[in-house]
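Right, one structure below, let's go through it.
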Amino acid sequence: MGKVQTEEKKNWLKRGWWLFLLIALGLIAPQVISEFYLLILGEALIMSLFALSFNLLFGTMGQLPFGQAAFYGLGGYGMAMLLTKYQANFWISFAAGIGVAALIGLLVGLFCVRLRGIYFSILTLAFGQLIFVIIYKWHDFTGGDDGIQGVFPPEFLKDPVAYYYFILIIFCLSALILWRIIHSPFGYTLQAMRENSERTEFLGIPIARYMLMAFVISAAFTGLAGALWAPFYRSVAPSTLMWVKSGEPVMATILGGAGLFFGPVLGTFLLTFIHAYLLGFTHFWPIIMGVLILLVIFLLPGGILGFIKEKWDNRQKQNQKP
Amino acid sequence: MSFDVLFNQFLSGIARGALLFLVASGLSLTFGVLRVLNFAHGSLYMLGAFLAYSIWQRLLIPVVGFYLATLISALIMAGIGLLIEYYILRRLYSRGWPEQLLATYALILIITDIVKWFWGGEFLSIPRPKPFTGAVSIFGFPFPSYNFFIILLGVALVVFLWWLIYKTRLGDIIRAAAHDRDMVSALGIPIPWLFTCIFVLGAFIAGLSGAATAPYGAIALGMDIDIIIECFAVVVIGGMGSLPGTLLGSLIVGQVYSFGIMYKPELALAFIFMVMAIVLIIRPWGFFGRPER
Chain R
21 MGKVQTEEKK NWLKRGWWLF LLIALGLIAP QVISEFYLLI LGEALIMSLF
71 ALSFNLLFGT MGQLPFGQAA FYGLGGYGMA MLLTKYQANF WISFAAGIGV
121 AALIGLLVGL FCVRLRGIYF SILTLAFGQL IFVIIYKWHD FTGGDDGIQG
171 VFPPEFLKDP VAYYYFILII FCLSALILWR IIHSPFGYTL QAMRENSERT
221 EFLGIPIARY MLMAFVISAA FTGLAGALWA PFYRSVAPST LMWVKSGEPV
271 MATILGGAGL FFGPVLGTFL LTFIHAYLLG FTHFWPIIMG VLILLVIFLL
321 PGGILGFIKE KWDNRQKQNQ KP
Chain C
870 MSFDVLFNQF LSGIARGALL FLVASGLSLT FGVLRVLNFA HGSLYMLGAF
920 LAYSIWQRLL IPVVGFYLAT LISALIMAGI GLLIEYYILR RLYSRGWPEQ
970 LLATYALILI ITDIVKWFWG GEFLSIPRPK PFTGAVSIFG FPFPSYNFFI
1020 ILLGVALVVF LWWLIYKTRL GDIIRAAAHD RDMVSALGIP IPWLFTCIFV
1070 LGAFIAGLSG AATAPYGAIA LGMDIDIIIE CFAVVVIGGM GSLPGTLLGS
1120 LIVGQVYSFG IMYKPELALA FIFMVMAIVL IIRPWGFFGR PER
């Protein structure tokens, strides 16, 4: 038993080397790349967190929410409004952003967990748009289409490099927590629900309650991503809640591979950097994005990372055979 | 609140409901048979409106120009629907629905950019065609007579779809395929051919409804999402894939919208979602839908 465990540990170290490499790259990035690309990198990390929390529901639980941008926007608005309108402390505002997203997530979730599959997607989309409309039209309270300006981080985080490290730390911690959640009994239950919800129900698992818990957790982490974004961009706008924004983590996740933990991160990095690159010389990036999605769906059914893993596994198997 | 005001609002609601039915019926039909939720249905509707504008502009025929443009635009959309079904959706039937949904989402991005490319971002509009140019006075309130055209078109579509689905052999096949696709296939009916037919019909209806709304107000980018969200509310309330359900859902949403606008314009959409939430608490699969897992 003990031997198996140490071997597993060694295996994990062997397989985990690229993770350390990536974190090291993330740490030295500010010394290597220009400030423009550092901003893009920060954005990619925030959106990756958004996509990871989306994938808790999609990849792990097997339901596709299409209104997650509402929680992203609520996180941003919650923190920005407390900070600018009520002059609250940065950290309290930050926590409030997460709290607002989780609370509204609980409310919306109560309705959405009654449905499965495509109906779940439609209802989450509808609620997402509802929240968008309320924030967009409630001009007196939320600033309407002007959004909220002047969302500043505290003094020691005002420097772009400092804020980048702040994002990196929050991202790594959140990713670690999400990883632990997915690989906990709770996470395995979600996966069982994805594979066969009927059988899981027969085991005595209250499916709706588990779905609701996952929904709230996902909303909270999405809200965290939104709360990170507001001071990063120094403002929030209603467009952060729109359906287009909800589509971004969906695209990124399917592009990178929903079946793997880091699939959404890879997809987000690709999309963010392609977007930043394309904006330099064309405004017609959606059409390129659309064609890219179609190509990936047709040619790489498991996403890019899923494709790489499949090739890798095949090679391992062939090496083991002789 | 006096009766005449309420009646006027009720009529507006009927017109709104007819418009919603025009768009939602195509969406619901496609879903009922293909089991694919065509996210891009609203984009086909938008493209139909823009096409109708350009055709109308080039035709330069006074009275019938608009009606002719509407028909041609719907036919072109049917052709585009054929291409989309044959080259994109057909490859994805064996996959999960999330990938199908994402493919139609990609189509939204592509169609939006194509529209931006050809027509720019400006607002376009077609003047209301004869004999629906003016307004009719109902209890002393002006009621745009073009609303009657939309209601007529909606009623015509209801009758046509009812005839198609319940009175023809194709309708028998459609209902059977919605119930048990494999059995229909085993009976020797070419399912791919059926799917193509239905998707083309759905795209035709989308183009028709888009063109028909062109004289209503502005033809603009973003009209696709505005309508598709409301159509989702319609099909969720009525039950996905059900024709009577879509009709009932359209009428409900139309009335809620119309009276919501009277009560508090900026919250009209919020009222629709509230009704949807209430329906979902009572019947999660909508009024006429089937429970599904």
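Residue numbers (this note's numbering), protein chains in the order written: chain R, 21 to 342; chain C, 870 to 1162.
Beta carbons: idealized from backbone N, C-alpha and C, even for Gly.
Among the options, nearest to residue i - alpha-carbon criterion
| i | options | result |
| --- | --- | --- |
| residue 995(C) | 1019(C), 1061(C), 1084(C), 1106(C) | 1084(C) |
| residue 327(R) | 276(R), 302(R), 306(R) | 276(R) |
| residue 306(R) | 881(C), 984(C), 893(C), 1123(C) | 984(C) |
| residue 919(C) | 1082(C), 872(C), 1017(C), 998(C) | 1082(C) |
| residue 1150(C) | 60(R), 102(R), 135(R), 298(R) | 135(R) |
| residue 981(C) | 1129(C), 911(C), 1057(C) | 911(C) |
| residue 181(R) | 324(R), 57(R), 314(R) | 57(R) |
| residue 1017(C) | 884(C), 872(C), 879(C) | 884(C) |
| residue 879(C) | 921(C), 1048(C), 1091(C), 1008(C) | 1008(C) |
| residue 1094(C) | 904(C), 909(C), 959(C) | 909(C) |
| residue 206(R) | 141(R), 114(R), 81(R) | 81(R) |
| residue 972(C) | 153(R), 295(R), 310(R), 112(R) | 310(R) |
| residue 157(R) | 1023(C), 1137(C), 1049(C) | 1137(C) |
| residue 115(R) | 286(R), 215(R), 240(R) | 240(R) |
Any chain R beta carbon closer than 8 Å to residue i
| i | result |
| --- | --- |
| residue 982(C) | yes |
| residue 955(C) | no |
| residue 1159(C) | no |
| residue 972(C) | yes |
| residue 987(C) | no |
| residue 1145(C) | yes |
| residue 1098(C) | yes |
| residue 1013(C) | no |
| residue 1061(C) | no |
| residue 893(C) | no |
| residue 1047(C) | no |
| residue 976(C) | yes |
| residue 968(C) | yes |
Distance between beta carbons of residue j and residue i, contact taken as under 8 Å
| i | j | result |
| --- | --- | --- |
| residue 1073(C) | residue 947(C) | 4 Å |
| residue 133(R) | residue 228(R) | 5 Å |
| residue 1087(C) | residue 987(C) | So it is not a contact: roughly 17 Å between Cβ atoms. |
| residue 162(R) | residue 97(R) | 6 Å |
Burial state of residue i, where buried means 16 or more other Cβ atoms lie within 10 Å
| i | result |
| --- | --- |
| residue 1015(C) | buried |
| residue 189(R) | exposed |
| residue 21(R) | For residue 21(R), the predicted model reports a pLDDT of 42, less than 50, meaning its position is unreliable; a value from the coordinates is still stated below. With fewer than 16 Cβ atoms within 10 Å of its Cβ, residue 21(R) is classed as exposed. |
| residue 283(R) | buried |
| residue 933(C) | exposed |
| residue 1036(C) | exposed |
| residue 956(C) | exposed |
| residue 217(R) | buried |
| residue 257(R) | buried |
| residue 111(R) | exposed |
| residue 1112(C) | buried |
| residue 965(C) | exposed |
Sequence-distant residues of its chain with Cβ nearer than 6 Å to residue i (five each side left out)
| i | result |
| --- | --- |
| residue 954(C) | 1065, 1068 |
| residue 1077(C) | 943 |
| residue 238(R) | 73, 76, 77 |
| residue 998(C) | 935 |
| residue 71(R) | 269, 272, 273, 284, 288 |
| residue 892(C) | 914, 1078, 1096, 1100 |
| residue 191(R) | 65, 69 |
| residue 900(C) | 906, 1109, 1110 |
| residue 1144(C) | 1125 |
Close Cβ partners of residue i (< 8 Å) along its chain, the five nearest in sequence each way excluded
| i | result |
| --- | --- |
| residue 9(R) | Beyond the ends of chain R as shown, which are 21 and 342, falls residue 9(R); an answer cannot be given. |
| residue 1117(C) | 1106, 1107, 1156, 1157 |
| residue 317(R) | 274 |
| residue 1000(C) | 1014 |
| residue 313(R) | 271, 274, 275 |
Chain C contact for residue i (CB, 8 Å cutoff)
| i | result |
| --- | --- |
| residue 39(R) | no |
| residue 270(R) | yes |
| residue 21(R) | Unreliable positioning characterises residue 21(R) in this predicted model, as indicated by a pLDDT of 42, which lies under 50. The coordinate reading is nonetheless provided below. Chain C contact via Cβ: absent. |
| residue 326(R) | no |
| residue 300(R) | no |
| residue 236(R) | no |
| residue 134(R) | yes |
| residue 309(R) | yes |
| residue 131(R) | yes |
| residue 225(R) | no |
Same chain, Cβ closer than 7 Å to residue i, neighbours up to 5 away in sequence not counted
| i | result |
| --- | --- |
| residue 126(R) | 236 |
| residue 1005(C) | 1012, 1014 |
| residue 1020(C) | 883, 884, 887 |
Check: residue i C-beta below 7 Å from any heavy atom of the ligand FAD
| i | result |
| --- | --- |
| residue 323(R) | No copy of the ligand FAD occurs in the structure displayed, which carries no ligand at all. |
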